[in-house]
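All remarks here apply to the structure that follows.
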Amino acid sequence: QVQLMESGGGVVQPGGSLRLSCAASGFNLGDFGMHWVRQAPGKGLEWMAVMTYDGKSEYHIEYAKGRFNISRDISKNVLHLQMNNLRSEDTAIYYCARIHRSGWDYLDSWGQGTLVTVSS
Amino acid sequence: EVVLTQSPATLSLSPGESATLSCRASQSVVRYIAWYQQKSGQAPRLLIYEASRRASGIPARFRGSGSGTDFTLTISSLEPEDFAVYYCQHRYNWPLTFGGGTKVEIK
């Protein structure tokens, strides 16, 4: 059974950093591309970043480049999102999601999300 | 960046009625569109991918159609559990983007 469990969220001051983790079970990260998607309170979904199944490529939303970085630890089957220089507008629930078994970038398994609050 | 515009923002319907949701892309995305359902306090759930393919376990009352720039999600005979927010998403290029969502509420 595919399961994704995010952790690492919390309250952080503007300018601070957080590292989110997404523990995967029921499949190997090396076999599937993985994404981070966020949702600000009361707002819609916003794609943030992807790492391809082979780990060779990663893409980030333009305004997060240089601040956010996606990575993974294959040995632990964990995906990460390092977030630096956080701003109030980064306040959101952050979800990790696995791509569809077809290999296309549709997100068919999601974690429950972890809440990041950026506030002084 | 491909901009996805969903309409209407809110759809007020009664159980048993049909819902028609629209997603319009700012450029052709071929058929590279998915639809998701999100209920309050839950993560999104994939319903439809590649414009018209139902994801695993999704009931047949959910039907996707369209190509190019115009896509539709039709929910025939709404069940009580179908009242939720629906998002479209493309995979045509980076960045992936989502539409702003359509809320299907009970009339």
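Residue numbers (the numbering used here), protein chains in the order written: chain L, 1 to 120; chain E, 1 to 107. Heads up, the beta-carbon is just placed ideally off N, CA and C, and yes, glycines get one too. Since we're looking at a predicted model, the values are computed, not measured.
Own chain residues within Cβ distance below 8 Å of residue i, not counting five before or after
{"i": "residue 45 (chain L)", "result": "37, 38 and 39"}
{"i": "residue 19 (chain L)", "result": "8, 80, 81, 82 and 83"}
{"i": "residue 100 (chain L)", "result": "106, 107 and 108"}
Rounded separation between residue i and residue j - CA only
{"i": "residue 67 (chain E)", "j": "residue 4 (chain E)", "result": "13 Å"}
{"i": "residue 29 (chain E)", "j": "residue 73 (chain E)", "result": "16 Å"}
{"i": "residue 49 (chain E)", "j": "residue 9 (chain L)", "result": "30 Å"}
{"i": "residue 120 (chain L)", "j": "residue 64 (chain L)", "result": "21 Å"}
{"i": "residue 106 (chain L)", "j": "residue 7 (chain L)", "result": "23 Å"}
{"i": "residue 117 (chain L)", "j": "residue 61 (chain L)", "result": "20 Å"}
{"i": "residue 20 (chain E)", "j": "residue 40 (chain E)", "result": "21 Å"}
{"i": "residue 64 (chain E)", "j": "residue 114 (chain L)", "result": "30 Å"}
{"i": "residue 8 (chain E)", "j": "residue 47 (chain L)", "result": "22 Å"}
{"i": "residue 21 (chain L)", "j": "residue 73 (chain L)", "result": "10 Å"}
{"i": "residue 31 (chain L)", "j": "residue 17 (chain L)", "result": "29 Å"}
Nearest neighbour of residue i, chosen from the options [CA to CA]
{"i": "residue 50 (chain L)", "options": "L:104, L:13 and L:116", "result": "L:104"}
{"i": "residue 79 (chain L)", "options": "L:12, L:1 and L:52", "result": "L:52"}
{"i": "residue 91 (chain L)", "options": "L:56, L:11, L:35 and L:7", "result": "L:11"}
{"i": "residue 34 (chain L)", "options": "L:115, L:59 and L:43", "result": "L:59"}
{"i": "residue 81 (chain E)", "options": "E:90, E:92, E:102 and E:106", "result": "E:106"}
{"i": "residue 14 (chain E)", "options": "E:36, E:70, E:84 and E:65", "result": "E:84"}
{"i": "residue 171 (chain L)", "options": "L:24, L:75, L:17 and L:14", "result": "Coverage of chain L is limited to positions 1 through 120, which leaves residue 171 (chain L) absent and any answer about it impossible."}
{"i": "residue 29 (chain L)", "options": "L:41, L:68 and L:75", "result": "L:75"}
{"i": "residue 91 (chain E)", "options": "E:42, E:31, E:11 and E:9", "result": "E:31"}
{"i": "residue 51 (chain E)", "options": "E:79, E:10 and E:70", "result": "E:70"}
{"i": "residue 93 (chain E)", "options": "E:59, E:75, E:79 and E:27", "result": "E:27"}
Sequence-distant residues of the same chain with beta carbon closer than 7 Å to residue i, five excluded per side
{"i": "residue 1 (chain L)", "result": "26"}
{"i": "residue 77 (chain E)", "result": "16, 18 and 61"}
{"i": "residue 1 (chain E)", "result": "95 and 97"}
Burial state of residue i (16 or more Cβ within 10 Å)
{"i": "residue 34 (chain E)", "result": "buried"}
{"i": "residue 70 (chain L)", "result": "buried"}
{"i": "residue 44 (chain E)", "result": "buried"}
{"i": "residue 102 (chain E)", "result": "buried"}
{"i": "residue 97 (chain L)", "result": "buried"}
{"i": "residue 111 (chain L)", "result": "buried"}
Own chain residues within Cβ distance below 6 Å of residue i, not counting five before or after
{"i": "residue 56 (chain L)", "result": "none"}
{"i": "residue 99 (chain E)", "result": "4, 6, 23, 87 and 88"}
{"i": "residue 54 (chain L)", "result": "none"}
{"i": "residue 37 (chain E)", "result": "45, 47, 84 and 86"}
Interface residues of chain A facing residue i [CB-CB closer than 9 Å]
{"i": "residue 70 (chain L)", "result": "Among the protein chains in the structure shown, which are L and E, there is no chain A."}
Segments assigned beta strand (DSSP E), at least 3 residues, entirely inside the segment 62-90 of chain E
62-67, 70-75 and 85-90
Whole runs of the beta strand (DSSP E) within the segment 42-118 of chain L, excluding any shorter than 3 residues
45-51, 58-60, 68-73, 78-83, 92-99, 107-110 and 114-118
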